[in-house]
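> Here this note's numbering is used: the first residue of the sequence shown is 822, the next is one more, and so on.
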Amino acid sequence: MRTSAAKHDLRFDASGSAVSLSSIGTTPNPLLPRLVIDRVPIDRVTMDAAVRWSIHALKQRSSRPPLLIMGPNAQLVTIASNNPRFAKALQDAGLAIPDGISVVLASRLLGKPISERVTGGDLMEQLCAECAKEGLSVFFLGGLPGAADKAAQKLERRYPGLKVAGTFCPSQGFENEAAQSARVRQLITETAPDLLCVALGAPKQEIWMHENCSSLPIGAAIAVGAALDTQAGLRKRAPRWTHKIGMEWLYRLAREPRRLWRRYLFGNVRFLVLVLRQWIAGSSRVSAEVATHSGIV
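1. For Lys975, count the other beta carbons within 10 Å of its own beta carbon; 16 or more makes it buried, fewer makes it exposed. Which is it?
2. Would Ile1060 be called buried (16 or more neighbouring beta carbons within 10 Å of its own) or exposed?
3. Taking only runs that begin and end inside the segment 954-978, name each unbroken beta strand (DSSP E) of 3 or more residues, in chain order.
4. Let me confirm a value: Pro981 is counted as buried when at least 16 other C-beta atoms fall within 10 Å, else exposed. Which label applies?
5. Please classify Arg1056: does DSSP put it in a helix, a strand, or coil?
6. Quick one: what's Thr988 bridged to in DSSP?
7. With distances taken from CA atoms, which of Leu948, Met1030, Asn903 and Asp920 is nearest Ser936?
8. Mark Glu1027 as exposed unless 16 or more other C-beta atoms lie within 10 angstroms of its C-beta, in which case mark it buried.
9. Could you please give the first and the last residue of the uninterrupted alpha helix (DSSP H) stretch that includes Pro905?
10. Provide the residue span of the alpha helix (DSSP H) that contains Leu930, from first to last.
11. For Ala1048, count neighbouring C-beta atoms within 10 Å of its own C-beta (all shown protein chains included) and say buried if the count is 16 or more, exposed if not.
12. Return the CA-CA distance between Ala940 and Ala1000, expressed in angstroms with no decimal places.
13. Exposed or buried, what is Glu1077 when buried is set at 16 or more other beta-carbons lying within 10 Å of its beta-carbon?
14. Where does Ala1102 sit, in a helix, a strand or coil, going by DSSP?
15. Using only CA atoms, which one of Ala927, Pro905 and Phe995 lies nearest to Ile1101?
16. Going along the chain, which unbroken runs of the beta strand (DSSP E) with 3 or more residues stay wholly within the segment 986-1057?
17. Quick check on the DSSP output: the beta strand (DSSP E) that includes Val857 runs from which residue to which?
18. Grab me the residues of Val861's own chain with a C-beta within less than 6 Å of its C-beta, minus the 5 sequence neighbours each way, in chain order.
19. Excluding the 5 residues preceding and the 5 following Ala969 in the sequence, name in chain order all residues of the same chain whose CB lies nearer than 6 Å to its CB.
20. Whole angstroms are fine: how far does the CA of Val1094 sit from the CA of Leu842?
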């Protein structure tokens, strides 16, 4: 554990109208209306736009509530379909990055194409690089024992000037223990980091962020899953080429078949069903509208 002492939820309006990044003081880059799969919204952003959006929120922390950054993928969409508490957390994310090739492919089928995948781990590293340049601080929470410390050390070496406000790996089930939960909140409150990286695994990390971060003195919080473990070298990340061709999931499955086969077999089928059901419903609605306007019905 390391520590050093020391409500603006950017989103689309209810009509789904596009919002321009120029309106929040960054280089103009219009954000498209959100894609929604089942009950989960996903922002159609590039990595560059996500970084600029997030850094702006960090710089404006004194006048805005924390920006919550989450990364819906096929697994999270399927979990949310049966978990209202988790679905609510994803729906309230200020920035929902497309963290999964399945989501990118589904976006094309549903008529709201997403240009690229933006993973939480990659965005975390990009934000650390920018924080080092801007003098902003970062707190790493979670991961395997020792992961947060090791990840912080590596990122500090990689990005000179990065201010690590603190690191902490809470015990399993800490969120169910009042004293442990209070300790985590106290550490974050005392260090008041600009960026909080939360590596508790889904859906725990998103739910914890949703229920705690609004009252913490931070600029933004990002859900990063196993990113601290891979940064620390405690888990091996899939090779970069598998990301580019959308086969990272197959690499993971080959390495951990016992743990992942059920998730990918049943989870991906469930995700496909949700997407196809939405696509069919949308196609039927469009056909009905065309028939009505043509005077066929």
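Each residue gets a CB set at the ideal place from its N, CA and C atoms; glycine is no exception. A quick note: this is a predicted structure, and the numbers were derived from the prediction, not measured.
Inspection of the coordinates gives the following:
1. exposed
2. Checking the displayed sequence, the identity of residue 1060 turns out to be Pro instead of Ile. Exposed.
3. 958-963
4. exposed
5. coil
6. Arg823 and Phe961
7. Minimum Cα-Cα distance from Ser936 among the listed residues Leu948, Met1030, Asn903 and Asp920 corresponds to Asp920.
8. buried
9. Pro905 to Gln912
10. Ile922 to Leu930
11. buried
12. With the sequence shown as reference, residue 940 is identified as Thr, and Ala is not the correct amino acid for it. If you take the alpha carbons of Thr940 and Ala1000, they lie about 33 Å apart.
13. Its Cβ having fewer than 16 others within 10 Å, Glu1077 is exposed.
14. Ala1102: helix per DSSP, three-state reduction.
15. If we check each option's Cα against that of Ile1101, Ala927 comes out closest.
16. Fully enclosed beta strand (DSSP E) runs of 3 or longer: 1016-1020 and 1041-1044.
17. Leu856 to Ile858 is the extent of the beta strand (DSSP E) around Val857.
18. Cβ-Cβ distances below 6 Å link Val861 to Pro893, Val898, Ala901 and Leu911 in the same chain, with the five nearest sequence neighbours on each side left out; the list follows chain order.
19. Sequence-distant Cβ neighbours of Ala969 in its own chain, meaning closer than 6 Å and more than five residues away, are Phe961, Thr988, Cys990 and Leu1049.
20. Confidence is the limiting factor: at Leu842 the pLDDT is only 42, short of 50, which leaves the residue's position unreliable and the question unanswerable from this model.
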